[in-house]
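Undergrad:
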Amino acid sequence: MKNLKFSPSIIAVVLSSVLAGGSAYAADPADEHTSMMATDVENAAERTGDKLDNAADKAGNAIENTANKAGNAVENTADKAGNLAERTGDKAERAAEKTGDFMDDSLITTKVKAELLDHDAIDSEDISVETEKGVVTLSGFVASQEQIKHAVTETGKVAGVVSVNDKLNVTDNADQSLKEYADDAMVTSAVKAKFLADDVVPGLSVSVETQDGVVQLTGEVENQAQATQAENVAKGVDGVVSVKNDLTIKQS
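Numbering of the sequence shown is given in my numbering, commencing with residue 26 and proceeding in unit increments.
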């Protein structure tokens, strides 16, 4: 058998090839593992990104919902405040109108009384004047039908008077004595006191005039029961001869 001899250069080439092949073979598992790790990292990053996107969406939705609720609450509050202000304004306006009407009626009453006092042909001491929305009611007793005519005419001339409601009566005795006059005044006071003490009669809304014991009731009451009760109370007062009930019922 022949001894083969290899030159050192050939041996070096062979060894280099073997080492290179082994290194390449050994490197393959490492590269695959690294590739798998990279894929896992990429997947993890993608999932994290998705979670972050979802979290951001939820946060955005929550903020939007909160903003919408706050906006709706502010809008509702503003609407309620606006409605309240409108209702308050309406009430204030109605109150002002009522106050204005009351002041106008009071002024008209004062003017009518002054006009009647200045008229020599009218004995206005026993004339009661009431005004409701410009409608003036004259009640009480005078000496003659002519005085009633004058009183109605002069009242109608006063500025602001819409119409005149004549409830004046002619006294049966023009020469009434001082004692009789005093007696009538006492009867009037007694009737008024009874009205104020009664639970049914609106005493402040009823005017009382007395002539020779004849009591005249005028004014406005809420219902027929009040008018009837006022008449019955007046009839029960000492010194009252009869009652002339001219009370009117308020229109609803």
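Ideal placement from N, C-alpha and C gives every residue a C-beta, glycine not left out.
As a quick exercise: from 247, 255, 187, pick the residue whose alpha carbon is nearest that of residue 219.
TA: For residue 219, the nearest C-alpha among the options comes from 255.
Undergrad: How many angstroms separate the CA atom of residue 261 from the CA atom of residue 268?
TA: C-alpha separation (whole angstroms): 10 Å.
Undergrad: Under 8 Å, do residue 224 and residue 258 count as touching if we go by C-beta distance?
TA: No; because the gap between Cβ atoms is not below 8 Å, this pair is not in contact.
Undergrad: Taking the alpha-carbon of residue 233 as reference, which of 196, 151, 135 has the nearest alpha-carbon?
TA: It is 151.
Undergrad: Span of the beta strand (DSSP E) holding residue 291?
TA: It is not possible to answer for residue 291, since the shown part of the chain is limited to 26 through 277.
Undergrad: Pull up the CB-CB distance for residue 239 and residue 216, whole angstroms please, since I reckon it's below 8 Å.
TA: The Cβ separation is near 12 Å, so there is no contact.
Undergrad: Using DSSP's beta-bridge definition, name the partner residues of residue 136.
TA: For residue 136, which the question treats as bridged, DSSP gives no partner whatsoever.
Undergrad: Please work out which residues of its chain come closer than 6 Å, Cβ to Cβ, to residue 179, disregarding the five sequence neighbours upstream and downstream, and give them in chain order.
TA: The answer, listed in chain order, is 140, 144.
Undergrad: Measure the alpha-carbon distance for residue 226 versus residue 251 and round it to whole angstroms.
TA: Spanning the two alpha carbons is a distance of roughly 5 Å.
Undergrad: Which residue wins for smallest C-alpha separation from residue 184, given the options 172, 132, 229?
TA: Of 172, 132, 229, the residue nearest in Cα terms is 132.
Undergrad: In three-state DSSP terms, what is residue 155?
TA: Note: residue 155 maps to strand in three-state DSSP.
Undergrad: I need the DSSP call for residue 256, collapsed to helix, strand or coil.
TA: Residue 256: helix per DSSP, three-state reduction.
Undergrad: With DSSP collapsed to three states, give me the class of residue 236.
TA: Correct three-state label for residue 236: strand.
Undergrad: Going by the CB atoms, is the gap between residue 147 and residue 170 shorter than 8 Å?
TA: Against a cut-off of 8 Å, the Cβ pair of residue 147 and residue 170 comes out as no contact.
Undergrad: To the nearest angstrom, how far is it from the Cα of residue 213 to the Cα of residue 235?
TA: Each residue's Cα considered, the two are about 6 Å apart.
Undergrad: If you reduce the DSSP assignment to three classes, tell me which class residue 212 lands in.
TA: The answer is helix: DSSP assigns residue 212 an H, G or I state.
Undergrad: By DSSP's criteria, residue 188 is part of a beta bridge. Which residues make up the other side?
TA: Paired residues: 160.
Undergrad: Taking the alpha carbon of residue 242 as the reference point, which residue from 154, 149, 130 has its own alpha carbon closest?
TA: Per the Cα distances, 154.
Undergrad: Could you tell me the alpha carbon to alpha carbon distance between residue 166 and residue 196, rounded to whole angstroms?
TA: Rounded to whole angstroms, residue 166 to residue 196 spans 6 Å at the Cα level.
Undergrad: So who's on the other strand from residue 244, going by DSSP bridges?
TA: DSSP lists 231, 272 as partners of residue 244.
Undergrad: Pick helix, strand or coil for residue 195, following the three-state DSSP scheme.
TA: Strand.
Undergrad: How long is the line joining the alpha carbons of residue 221 and residue 229, rounded to whole angstroms?
TA: Roughly 7 Å separates the two Cα atoms.
Undergrad: Which residues does DSSP list as the beta-bridge partners of residue 267?
TA: Answer is 239.
Undergrad: How about residue 188 and residue 271: do their beta carbons lie closer than 8 Å?
TA: Cβ distance not < 8 Å, so residue 188 and residue 271 don't count as in contact.
Undergrad: Which word fits residue 209, buried or exposed, when buried means at least 16 other C-beta atoms lie within 10 angstroms of its C-beta?
TA: Looking at its Cβ environment, which holds 16 or more other Cβ atoms inside 10 Å, residue 209 is buried.
Undergrad: Does residue 158 pass the burial test, meaning 16 or more other C-beta atoms within 10 Å, or should it be called exposed?
TA: Classification for residue 158: exposed.
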